[in-house]
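These notes are about the structure you will find just below.
What follows is the structure in structure tokens.
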């Protein structure tokens, strides 16, 4: 049995969801990679103590160095606000830890490159939290595409819309003032990662345009005052890939009524695949010439699809988002136990940071931008 001692840095919502998923890993995957929740760290002691008690960590701290410098800890999970990611990756890599970092990896490509250089220098296992790429339905979509059943891929249309900033009275917060934390970097990064995974193609050229719908928000520390919003509420893009796919992606954090509005359609020369995260256990598939898919066929996920059976035993009962987290976190642990690499990793996170740089440059200069213009040596 391989026991892996974990420290989670960040006791907010996403950090506690990883803690929940790690507890599920113990029940779903047996003894080949067993997580031990050793330490939870947060700047706010009350949050750290609550997470420690709720999710059965061995201890808690308010000092990140307690996670980095403890030789007994095998892996560090970084679930802090974006601006702290890269420094923590660098420190954890130098300390010989395996690293899980939530997305986006860096504040921009230059920042993300520091993280990439660190994990390469110290040759540590890493993963970045593009959780939706681990959905059994998404994996099945890629399998169908790779089989050639829908022909050559010619187009991808994707969107990720949410309403978490749709109310003008929501107070100003850290998501409202740096470029990487706008709609593009926060949620758009997920749909970009899905396009990369599902189509198997690399975006090479982009044009994009962002819009700030609410240019100020109430100052939470000054009643009656306001602070400026300096990043995008909406971002739209078109792109081309190295395999000839033409794509279009839209994303919004001010879309009233949208909860987790991830949707994509992959169009091929012989058919299409459609996916909707709010119906995350289904695919809609059309294959030309197949009488069973005239119109389209609904494929309901079950134990026969990828790792669905590890987290849910019966077709129709359905996997949940926390199950996706469980699958993702197990892959990270298994890579540590086996001494292997896993995707999406820090390099994947760097690639998406560079792509976001290209999109922001396109928005600024109102032109098509080759992604290579923003790549770093």
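In our numbering, the protein residues as written are -7 to 369. The beta carbon of each residue, even a glycine, is placed where N, CA and C say it ideally should be.
Assuming residue i and residue j form a contact by the criterion Cβ under 8 Å, report the distance between their Cβ atoms to the nearest whole angstrom.
i: residue 33; j: residue 56; result: 6 Å
i: residue 164; j: residue 128; result: Not really, about 39 Å apart at Cβ, beyond 8 Å.
i: residue 97; j: residue 341; result: 3 Å
i: residue 152; j: residue 183; result: 4 Å
i: residue 80; j: residue 65; result: Not a contact, Cβ separation roughly 13 Å.
i: residue 37; j: residue 54; result: 5 Å
i: residue 121; j: residue 256; result: With a Cβ gap of about 19 Å, residue 121 and residue 256 do not count as contacting.
i: residue 13; j: residue 321; result: 5 Å
i: residue 78; j: residue 107; result: 5 Å
i: residue 114; j: residue 86; result: 6 Å
i: residue 254; j: residue 269; result: 4 Å
i: residue 394; j: residue 99; result: Outside the shown range of the chain, which is -7 to 369, sits residue 394, and nothing can be said about it.
Pick helix, strand or coil for residue i, following the three-state DSSP scheme.
i: residue 268; result: strand
i: residue 144; result: coil
i: residue 198; result: strand
i: residue 51; result: strand
i: residue 30; result: strand
i: residue 254; result: strand
i: residue 367; result: coil
i: residue 289; result: strand
i: residue 310; result: coil
i: residue -5; result: strand
i: residue 356; result: helix
i: residue 172; result: helix
i: residue 67; result: strand
i: residue 296; result: coil
i: residue 335; result: coil
i: residue 153; result: strand
i: residue 279; result: strand
i: residue 192; result: coil
i: residue 4; result: coil
i: residue 262; result: coil
Does any C-beta atom of chain C lie closer than 7 Å to the C-beta of residue i?
i: residue 226; result: The structure shown has no chain C; it contains just one protein chain.
Determine the closest residue to residue i out of the options, with distance taken between C-alpha atoms.
i: residue 172; options: 11, 62, 75 and 27; result: 75
i: residue 41; options: 3, 25 and 213; result: 3
i: residue 300; options: 313, 351, 196 and 208; result: 313
i: residue 190; options: 133, 268, 107 and 50; result: 133
i: residue 167; options: 29, 73, 319 and 364; result: 73
i: residue 404; options: 101, 186 and 19; result: The structure shown does not extend to residue 404, since the chain is modelled only from -7 through 369, so no value can be given for it.
i: residue 219; options: 209, 226, 251 and 149; result: 209
i: residue 123; options: 58, 181, 292 and 263; result: 181
i: residue 178; options: 223, 87, 106 and 330; result: 223
i: residue 260; options: 269, 236 and 271; result: 236
i: residue 10; options: 116, 47, 256 and 234; result: 47
i: residue 298; options: 357, 273 and 290; result: 273
i: residue 22; options: 358, 356 and 319; result: 319
i: residue 88; options: 68, 353, 361 and 77; result: 68
i: residue 170; options: 121, 217 and 221; result: 221
i: residue 195; options: 106, 351 and 161; result: 351
i: residue 112; options: 24, 103, 291 and 82; result: 82
i: residue 50; options: 28, 58, 71 and 64; result: 28
i: residue 326; options: -4, -2 and 25; result: 25
i: residue 187; options: 365, 336 and 217; result: 336
i: residue 147; options: 315, 233 and 338; result: 233
i: residue 117; options: 228, -1, 322 and 338; result: 338
i: residue 265; options: 105, 20, -1 and 135; result: 135
i: residue 63; options: 241, 119, -3 and 12; result: -3
i: residue -6; options: 362, 329, 302 and 18; result: 329
i: residue 311; options: 14, 262 and 293; result: 293
i: residue 239; options: 13, 198, 270 and 253; result: 198
i: residue 275; options: 15, 43 and 137; result: 137
i: residue -1; options: 228, 35 and 52; result: 52
i: residue 230; options: 360, 78, 295 and 365; result: 360
i: residue 20; options: 315, 324 and 241; result: 315
i: residue 289; options: 263, 217, 252 and 16; result: 263
The stretch 305 to 316 touching the stretch 344 to 354, judged by at least three CB pairs closer than 8 Å: Segment contact: the stretch 305 to 316 against the stretch 344 to 354, fewer than three CB-CB distances shorter than 8 Å; contact not assigned.
Which whole runs of the beta strand (DSSP E) in the stretch 200 to 248 are 3 residues long or more, in chain order? Whole beta strand (DSSP E) segments, 3+ residues: 208 to 210, 218 to 220, 226 to 233 and 238 to 244.
Three CB pairs or more closer than 8 Å across the stretch 91 to 103 and the stretch 268 to 284: With contact defined as three or more Cβ pairs closer than 8 Å, the stretch 91 to 103 and the stretch 268 to 284 are not in contact.
Does the contact criterion of 3 or more C-beta pairs under 8 Å hold for the stretch 196 to 203 versus the stretch 135 to 145? Taking one beta carbon from each stretch, the stretch 196 to 203 and the stretch 135 to 145 have fewer than 3 pairs nearer than 8 Å; the two do not touch.
Is there contact here, the stretch 244 to 264 with the stretch 149 to 156, by at least three beta-carbon pairs under 8 Å? Yes: the two stretches touch, three or more of their Cβ pairs being nearer than 8 Å.
Runs of alpha helix (DSSP H) wholly within the stretch 71 to 131 (minimum 4 residues, chain order): Along the stretch 71 to 131, the alpha helix (DSSP H) occurs as fully enclosed runs of 4 or more residues at 77 to 86 and 101 to 114, listed in sequence order.
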